[in-house]
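Here's the structure, in structure tokens; my notes come after.
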Amino acid sequence: MATEQQLSTDSKYDQYDFPTTAPESQPGHPGHTTPEQDAKVHQFRAELEQLGYTDRLDTLTLLRFLRARKFDVEAAKTMFTTTEKWRKEFGTNDLARTFDYKEKEQVFQYYPQYYHKTDKDGRPVYIEKMGKIDLNAMYKITTGERMLQNLVTEYEKLSDPRLPACSRKAGKLLETCCSIMDLKGVGITSVPSVYGYVKQASDISQNYYPERLGKLYLINAPWGFSSVFSVVKGFLDPVTVNKIHVLGSGYQKELLSQVPAENLPAEFGGSCNCEGGCEFSDMGPWLEPEWARPPKWAAPKEDKEADNTVQNEDPGYEKKDTEGQDGAETTA
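Now the structure itself:
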């Protein structure tokens, strides 16, 4: 049985300036691992090193991939290598530093997606409003590719600086976020037009950013949604199901039991009215000087290139940047 302990770290990869003990007293979570699980972390890292990987091998990241695959090292290795291949093809390592979503304000008229303050556990709150989605109108402003690039950029920023700042402020390791998905205005007829994008976005989250969901509140769920979800639950992992709360229009009491009123935008029953709009404020510990630190990916790329010179001279070595590094935390 796992007991609370210090995170078993590797000095080569683990440089954390925030707490590394998870609040969940569950086996496999940092500070609550068994000797067998610690051994699997070492095995996982050693096998990845043999394949030539040098980035994102910190203990917190490896534990997330292992938890996502029930500590099956071979399955976790497949997930990790697939993720690294995707990161290279998508250009993920550069996005947080270079992506400029200049059309954001226009896009948000149809599909607001934003982080805003924290829940009662100290986790970042992520909000999506799906009722106004009109892809035809949005694609006159932006492209599906740029929408996905923005999504990935925000995942990278969740990993660093958001979660580390929240961990410092809470005094405990936080690796997940509290998500609110507002379904008000979503009808059956709108589903086909947005299904493709939503599926792509969901695939990115599940496949490449594992173990990032803390709680998910589906609010203003339309009539019949609960029945549909009860069928879907049969295909989901029980751990995931326990994180999802389907609520109708009377969601305020339950939502406010998780998110303090002063942190919840007024339109959802809270008392927060950020100047310029909560959806554009990006308020949270990651902007508070006491808790914020420069993210790892903000370092100039040229500073890293010299470190890679020897590795790049080896034709068998596949270059991988350290920017946006999950977990060294760096989160999905």
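Mapping the sequence shown onto the UniProt record's numbering, position 274 (from 1) lands on 274, and the numbers just tick up by one.
Positions of the beta carbon are idealized from the N, C-alpha and C atoms, including for glycine.
Owing to the predicted nature of the structure, the values given are computational and were not obtained by experimental measurement.
Beta carbon of residue i nearer than 8 Å to that of residue j
i      : j      : result
Glu175 : Ala22  : yes
Val152 : Thr92  : yes
Arg293 : Asp17  : yes
Trp291 : Glu156 : no
Gly270 : Arg162 : no
Thr142 : Val198 : no
Ser257 : His116 : no
Val241 : Asp119 : no
Glu47  : Lys77  : yes
Arg67  : Met79  : no
Cys166 : Arg123 : yes
Segment limits, alpha helix (DSSP H) that includes residue i
i      : result
Gln43  : 35 to 50
Val73  : 73 to 90
Val241 : 238 to 241
Val152 : 144 to 157
Lys12  : Per DSSP, Lys12 belongs to no alpha helix (DSSP H) and is neither H nor E.
Gln252 : 252 to 256
Arg67  : 59 to 68
Ala170 : 163 to 170
Ser281 : 278 to 281
Asn136 : 135 to 138
Residue closest to residue i, alpha-carbon to alpha-carbon, out of the options
i      : options                        : result
Pro27  : Gln37, Asn150, Gln149          : Gln37
Gly196 : Val41, Asp134, Gln50           : Asp134
Gln15  : Leu60, Gln50, His116           : Leu60
Ile219 : Glu254, Ser271, Lys104         : Glu254
Lys169 : Ser230, Leu287, Pro35          : Leu287
Gln6   : His29, Tyr13, Lys12            : His29
Arg212 : Phe71, Pro112, Trp223, Val239  : Val239
Tyr101 : Met79, Trp86, Glu145, Leu66    : Glu145
Lys12  : Lys85, His32, Ser179, Asp55    : Asp55
Cys278 : Pro289, Gln113, Phe229, Val246 : Gln113
Ala201 : Asp237, Arg123, Glu154         : Glu154
Pro210 : Gly122, Arg64, Lys140          : Arg64
Ala39  : Tyr53, Leu51, Asp10            : Asp10
Ala221 : Gln206, Asp237, Met181         : Met181
Cys177 : Gln206, Tyr139, Asp121, Ser249 : Asp121
Pro164 : Ser25, His32, Pro289           : Pro289
Lys104 : Tyr251, Asn150, Val246, His32  : Asn150
Tyr208 : Trp86, Tyr53, Glu74            : Trp86
Tyr53  : Tyr139, Gly31, Thr81, Asn273   : Thr81
Phe225 : Met138, Gln252, Gly185, Gln206 : Gly185
Inter-residue CB distance, residue i and residue j (contact presumed, cutoff 8 Å)
i      : j      : result
Phe90  : Leu62  : Not confirmed; about 21 Å, so no contact.
Pro19  : Lys172 : 5 Å
Leu183 : Gly131 : 7 Å
Ile204 : Leu158 : Wrong, their Cβ atoms sit about 12 Å apart, outside the cutoff.
Asn263 : Val41  : Contact doesn't hold; Cβ gap of about 34 Å is too wide.
Gly276 : Lys243 : Not a contact, Cβ separation roughly 31 Å.
Asp160 : Pro35  : Actually they are not in contact, since the Cβ atoms of Asp160 and Pro35 sit about 30 Å apart, beyond 8 Å.
DSSP beta-bridge partners of residue i
i      : result
Pro124 : Thr118
Lys215 : Cys178
Cys272 : Pro265
Lys129 : Asp182
His29  : Its beta-bridge partners do not exist; DSSP assigns none.
Gln113 : Glu128
Limits of the beta strand (DSSP E) - the one that residue i falls within
i      : result
Val186 : First-last for Val186: undefined, no H or E at that position.
Val107 : No beta strand (DSSP E) contains Val107, which is instead part of the alpha helix (DSSP H) from 104 to 107.
Val246 : 244 to 246
Residue i CB to nearest heavy atom of the ligand HEM below 7 Å
i      : result
Asn273 : Questions concerning the ligand HEM fall outside what the structure shown contains, since it holds no ligand whatsoever.
C-beta neighbour in chain B for residue i, strict 8 Å
i      : result
Glu267 : Given the protein chain composition of this structure (a single chain), no chain B is represented.
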